[in-house]
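Number of protein chains: 2
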Amino acid sequence: MGPVESEAAFLARYDPADYARPAVAVDLVLLGLSGGRPALLLLRRDRHPHAGRHALPGGFVGIDESLDDAAARVLVEKAGGARAHLEQLYTFGAVERDPRMRIVTVAHLALLTEAAFAEALARAPALQPGTVTASDEGSVTVRAADGAALTLAFDHAEIVALALRRLQGKLDYSEVGFALLPELFTLRQLQDVHEAILGTRLNKPAFRRRMLDRGWLEPTGQFETGTSYRPAELYRFLRIPSQTPSQTLSKGD
Amino acid sequence: MGPVESEAAFLARYDPADYARPAVAVDLVLLGLSGGRPALLLLRRDRHPHAGRHALPGGFVGIDESLDDAAARVLVEKAGGARAHLEQLYTFGAVERDPRMRIVTVAHLALLTEAAFAEALARAPALQPGTVTASDEGSVTVRAADGAALTLAFDHAEIVALALRRLQGKLDYSEVGFALLPELFTLRQLQDVHEAILGTRLNKPAFRRRMLDRGWLEPTGQFETGTSYRPAELYRFLRIPSQTPSQTLSKGD
DNA sequence: CTAATAGTGTCTTTGAGACAGTATGGG
DNA sequence: CCCATACTGTCTCAAAGACACTATTAG
Numbered sequence: 001m002g003p004v005e006s007e008a009a010f011l012a013r014y015d016p017a018d019y020a021r022p023a024v025a026v027d028l029v030l031l032g033l034s035g036g037r038p039a040l041l042l043l044r045r046d047r048h049p050h051a052g053r054h055a056l057p058g059g060f061v062g063i064d065e066s067l068d069d070a071a072a073r074v075l076v077e078k079a080g081g082a083r084a085h086l087e088q089l090y091t092f093g094a095v096e097r098d099p100r101m102r103i104v105t106v107a108h109l110a111l112l113t114e115a116a117f118a119e120a121l122a123r124a125p126a127l128q129p130g131t132v133t134a135s136d137e138g139s140v141t142v143r144a145a146d147g148a149a150l151t152l153a154f155d156h157a158e159i160v161a162l163a164l165r166r167l168q169g170k171l172d173y174s175e176v177g178f179a180l181l182p183e184l185f186t187l188r189q190l191q192d193v194h195e196a197i198l199g200t201r202l203n204k205p206a207f208r209r210r211m212l213d214r215g216w217l218e219p220t221g222q223f224e225t226g227t228s229y230r231p232a233e234l235y236r237f238l239r240i241p242s243q244t245p246s247q248t249l250s251k252g253d
Numbered sequence: 001m002g003p004v005e006s007e008a009a010f011l012a013r014y015d016p017a018d019y020a021r022p023a024v025a026v027d028l029v030l031l032g033l034s035g036g037r038p039a040l041l042l043l044r045r046d047r048h049p050h051a052g053r054h055a056l057p058g059g060f061v062g063i064d065e066s067l068d069d070a071a072a073r074v075l076v077e078k079a080g081g082a083r084a085h086l087e088q089l090y091t092f093g094a095v096e097r098d099p100r101m102r103i104v105t106v107a108h109l110a111l112l113t114e115a116a117f118a119e120a121l122a123r124a125p126a127l128q129p130g131t132v133t134a135s136d137e138g139s140v141t142v143r144a145a146d147g148a149a150l151t152l153a154f155d156h157a158e159i160v161a162l163a164l165r166r167l168q169g170k171l172d173y174s175e176v177g178f179a180l181l182p183e184l185f186t187l188r189q190l191q192d193v194h195e196a197i198l199g200t201r202l203n204k205p206a207f208r209r210r211m212l213d214r215g216w217l218e219p220t221g222q223f224e225t226g227t228s229y230r231p232a233e234l235y236r237f238l239r240i241p242s243q244t245p246s247q248t249l250s251k252g253d
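Residue numbers (the UniProt record's numbering), protein chains in the order written: chain A, 1 to 253; chain B, 1 to 253.
This is the structure in structure tokens:
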């Protein structure tokens, strides 16, 4: 093979092939809880394609911007900079998913506390809330406040369905559940979050045992106020303790 | 808002904005088992950048090609069309991950049976095998047959590490484990697959009970041959039985 | 017969569900 | 006192680990 030219010389000569490229976008599933159900923040499209339908906030990825940065920027631009836990979900790249042009979109999950959800609604008036109901086959129905079903644009219903499934799958062994709660919370609030996401009722003593035995929670000695019954203790999420290798490996992403 | 023009009229007029776009690629983690360890198929780079390092097979996504199609095409072009279970893993989009130009790559996991692994090696002579060892913190080391550690190009070590973690996470509740086995297999072979992926020993009676109680397996009444000991019964993977909604929702992707 | 592995029976342990009990706030 | 909810003790049950036992092949 002989001597190889230096990396610097190679790079100077490099001329990137310029075939037609898909556009790259990020879309955000802005997810919070409302009335014991998962809730979304959507934008009603007033232009073609899919005018009148509701869509996930999104935007194109800049040429000098990482995917994470693009998702964070969209959060600022389209949701008034609400604080949210962001994580990549899945990349959708069907050829005809957008009739305008070829767009590959990297869908992200953005989890909002109740306060952040309300703040985003206040700061970005174009956003409209919708509640999410999971159907039997893993698809979802999104409804406006008046109960009317909303039709989502593009493949966004599929993205929302995947977001909910992913959240359900990670809920028990990851810290995502805490992204939907304020800094201090009661065990009942934590259980309410799990029940809302999973759409099931959970056994209270078993749930408490499991959460406390994990060592992720710190009791603060403070108690909720304003109740007409025995106030519950407030806890703080510490973080997932240093994991043994086998624990690290035992669950997926 | 007044009447809206028809969707067809809008589309005819639509002129896609043409900002600079990242290139979109797919990379494949071709994963099989070799000697009780996970094993990869890699291409040794003979050009800058990262000349001499080993890289995942990959290719650009065509403008009229879905991500899945692109991954399948790369499997054909770079792995001799080996049969493999393909699934999307994660999308890597750091700005400087490739010094030549901005490339967003959608990493895929391609699981190969032992036969498919050998066939790919035979049909695509450029491929080189490497065994994967997981380290404590979730990173991986890839070694050539002679035990020498291989340095992977770009962010491919990170991609391989994620692939292994994902596989470990999905192994117990999904059908991915069967993608590494031939049509007919013994329970011991199935357990060997799980032990190789997880890097741990498993309890035999418990493993058998769990697998058989799931109803995913059909005993064939056939037995392995050529052993010098009691031959084990061969089983076939049926498929994951129809799931109740709560089961469908109980685990992530 | 022995060697080696397949496959099973059973005891123990762990963790979840169920359910009833006590504790503590407001009225 | 009442009510409502927090929080706990304990029984039962289901599933996993441990381990020994039987079964079946080659030689």
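Glycine included, C-beta positions come from ideal geometry on N, C-alpha and C. In this text the structure is predicted, and so the values were computed from the model without any measurement.
Residue 29 of chain A counts as buried, since at least 16 other C-beta atoms from the protein chains shown sit within 10 angstroms of its C-beta.
For residue 205 of chain B, the uninterrupted alpha helix (DSSP H) run begins and ends at 204 to 214, by DSSP. Straight-line measurement puts the Cα of residue 190 of chain A at about 15 Å from the Cα of residue 213 of chain A. Residue 21 of chain B sits close to residue 23 of chain A, with the two beta carbons spaced by under 7 Å. Contact between the segment 152 to 170 of chain A and the segment 82 to 101 of chain A is present: 3 or more CB-CB pairs across the two stretches fall below 8 Å.
Comparing C-alpha distances from residue 183 of chain A to each of A/126, A/153, A/209 and A/222 shows the shortest one belongs to A/222.
Bridge partners of residue 129 of chain B according to DSSP: B/41. Cβ-Cβ separation between residue 32 of chain A and residue 192 of chain A: approximately 13 Å, too far for a contact (criterion under 8 Å). Residue 47 of chain A is classed as exposed because its beta carbon has fewer than 16 other beta carbons within 10 Å across all chains shown. For the segment 109 to 166 of chain A, the continuous beta strand (DSSP E) assignments of 3+ residues that do not extend past its boundaries occur at 127 to 134 and 140 to 143, in sequence order. Nearest to residue 130 of chain A by C-alpha distance, out of A/123, A/150 and A/122, is A/150. Here the C-alpha atom of residue 79 of chain B lies approximately 36 Å from the C-alpha atom of residue 228 of chain B.
Here the C-alpha atom of residue 102 of chain A lies approximately 8 Å from the C-alpha atom of residue 64 of chain B.
For the pair residue 219 of chain B and residue 157 of chain B, the Cα-to-Cα distance works out to about 39 Å. Rounded to the nearest whole angstrom, the CA to CA distance from residue 75 of chain B to residue 233 of chain A is 56 Å. Here the C-alpha atom of residue 111 of chain B lies approximately 22 Å from the C-alpha atom of residue 154 of chain B. Not one beta carbon of chain A lies nearer than 7 Å to the beta carbon of residue 29 of chain B. Residue 193 of chain B carries a helical assignment under DSSP once its states are collapsed to helix, strand and coil. The shortest CA-to-CA distance from residue 55 of chain B to any of B/115, B/19 and B/97 is the one to B/97. Proximity of residue 228 of chain B to chain A, defined by a Cβ-Cβ separation below 7 Å, is not satisfied. Counting every other CB atom within 10 Å of its CB across the protein chains shown gives residue 169 of chain B a total of 16 or more, marking it as buried. When the alpha-carbon of residue 38 of chain A is set against those of A/25, A/199 and A/171, the nearest one is in A/199. Bounds of the beta strand (DSSP E) holding residue 26 of chain A are 23 to 34. Across the set A/185, A/217, A/113 and A/58, the C-alpha of A/185 shows the shortest separation from the C-alpha of residue 225 of chain A. Secondary structure note for residue 67 of chain B: its alpha helix (DSSP H) is the uninterrupted segment 67 to 79. Listed along chain A are 88, each with a C-beta nearer than 7 Å to that of residue 90 of chain B. Counting every other CB atom within 10 Å of its CB across the protein chains shown gives residue 209 of chain A a total below 16, marking it as exposed. Rounded to whole angstroms, residue 82 of chain B and residue 120 of chain B show a C-alpha spacing of 6 Å. Taking 7 Å as the cut-off, the beta carbon of residue 93 of chain A is found closer than this to the beta carbon of residue 67 of chain B.
Listed along the chain, the chain A residues whose CB falls inside 7 Å of the CB of residue 233 of chain B amount to none; the nearest CB is some 29 Å away. In the structure shown, the three-state DSSP call for residue 198 of chain A is helix.
In the assembly as shown, residue 123 of chain A is an exposed residue. Its beta-carbon has fewer than 16 other beta-carbons within 10 Å.
With its beta carbon less than 7 Å from one in chain B, residue 102 of chain A belongs to the interface. Between the C-alpha atoms of residue 235 of chain B and residue 85 of chain B there is a straight-line separation of about 19 Å. Any Cβ of chain B closer than 7 Å to the Cβ of residue 160 of chain A would place that residue at the interface, and such an atom is absent.
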